[in-house]
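So for the sequence shown, full-length UniProt numbering puts the first residue at 1; every next one is plus one.
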Amino acid sequence: MCTRTMLIRVPGESEHKPAPPQMDHIDRRFRLENEPMTAETKLIAERELRETDDRAKEAINELRTMLRGK
1 MCTRTMLIRV PGESEHKPAP PQMDHIDRRF RLENEPMTAE TKLIAERELR
51 ETDDRAKEAI NELRTMLRGK
């Protein structure tokens, strides 16, 4: 089972509203989901972002390599 954290824009909220200076403020235009992806979400990710489990693993390994500086 695949779990991923996703950043999703909430429709209907103003995009031009400046964020307050406090770090503890919750920006209601976005929400984080940390639950298993539904079949529909996986289909959208694969179709629109070409994201598969294999591609995600490759990207994570590449990022780790870049962060190590090798």
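The beta-carbon is built from N, C-alpha and C at its ideal position, and this holds for glycine as well.
request  = Return helix, strand or coil for residue 68, following the three-state DSSP convention.
outcome  = Counted from its first residue, the sequence shown places residue 68 at position 68. Looking at residue 68 - three-state DSSP - the assignment turns out to be helix.
key: Reference residue 39; option with closest CA among 32, 52, 62 and 66   = As a position in the sequence shown, residue 39 is number 39, starting the count at 1. Here the closest residue by C-alpha is 52.
task = Please state whether DSSP places residue 31 in a helix, a strand or coil.
result = Looking up residue 31 in the sequence shown gives position 31. If DSSP states are grouped into helix, strand and coil, residue 31 belongs with the strands.
Euclidean distance between Cα positions of residue 67 and residue 60 = Sequence index remark: in the sequence shown, residue 67 carries index 67 (1-based). Sequence index remark: in the sequence shown, residue 60 carries index 60 (1-based). Approximately 10 Å between the Cα atoms of the pair.
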